[in-house]
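The structure appears below as structure tokens.
Numbering (the working numbering), first residue to last: 121 to 305.
See the structure below:
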């Protein structure tokens, strides 16, 4: 399997190049289970983060990052948009998403108790990688429905067209690849 070497927040990793269709491949960046990478990326993002009241992320790969950012910043709580409504939720808001790494349309759900806490508060949206921006948009919809004030959008990596966006803060660029694993942008 071909790999792509990346250094982010001073940590070097080899990302497997994974095809997503017959013409396009991505570098698979996974922080789940990588404590060193999660810790260093959280620290680097917090150094660039605007003042916020709560962090929100989408299940699942953003959880490690949001947790570590909250822990390092001394936050008692962060918000999580779930891929499915859970029995313990007091009610839900929902938003639809189709990310580049997901084969089908998905929904994200926010507990109404969390939504109530976000009302009128400064919300920082975080994710591991922003590519098409679909997951980001779904989170924005949830925050807006809850009455939160989006004060920033952050990611560890910006992939493809997201690299040119001026409304997100990120640490490093991640190129896209053709099916042969060659960098295309």
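Beta carbons: idealized from backbone N, C-alpha and C, even for Gly. Being a predicted model, the structure only gives us computed values, none of them experimental.
Given residue i as reference, the closest of the options once Cα atoms are compared
i, options, result
"residue 172", "226, 195, 187 and 259", "195"
"residue 166", "232, 304 and 244", "244"
"residue 280", "144, 123 and 300", "144"
"residue 225", "236, 122, 203 and 146", "203"
"residue 376", "137, 127, 252 and 129", "One cannot answer for residue 376 here, as it falls past the ends of the chain, which runs 121 to 305."
"residue 232", "260, 253 and 208", "208"
"residue 235", "253, 252 and 260", "260"
Close beta carbons around residue i, own chain, < 6 Å, minus the five adjacent residues each side
i, result
"residue 125", "134"
"residue 262", "201, 213, 215 and 230"
"residue 153", "none"
"residue 170", "271 and 272"
"residue 168", "289"
Contact belief for residue i with residue j at Cβ below 8 Å, rounded distance in angstroms
i, j, result
"residue 288", "residue 250", "6 Å"
"residue 227", "residue 210", "Rounded, the Cβ-Cβ distance is 18 Å, inconsistent with contact."
Other residues of its chain near residue i: CB distance less than 8 Å, five sequence neighbours each side excluded
i, result
"residue 151", "157, 158, 161, 181, 184, 185, 248 and 276"
"residue 240", "267, 268 and 269"
"residue 174", "195, 197, 198, 199, 237, 238, 241, 242, 243, 244 and 268"
Straight-line Cα distance separating residue j from residue i
i, j, result
"residue 131", "residue 187", "19 Å"
"residue 296", "residue 121", "16 Å"
"residue 123", "residue 283", "20 Å"
"residue 139", "residue 237", "40 Å"
"residue 293", "residue 147", "11 Å"
"residue 266", "residue 206", "18 Å"
"residue 190", "residue 127", "23 Å"
"residue 274", "residue 141", "27 Å"
"residue 155", "residue 264", "32 Å"
"residue 176", "residue 304", "31 Å"
"residue 300", "residue 253", "25 Å"
"residue 149", "residue 286", "22 Å"
"residue 278", "residue 302", "18 Å"
Neighbourhood of residue i by C-beta distance below 7 Å, restricted to the same chain and skipping five residues each side
i, result
"residue 193", "166"
"residue 164", "129 and 291"
Completely contained beta strand (DSSP E) runs for the region 126-204, where each covers 3 or more residues: 131-139, 144-147, 174-178 and 199-201
Runs of beta strand (DSSP E) wholly within the region 216-288 (minimum 3 residues, chain order): 226-231, 242-250 and 269-279
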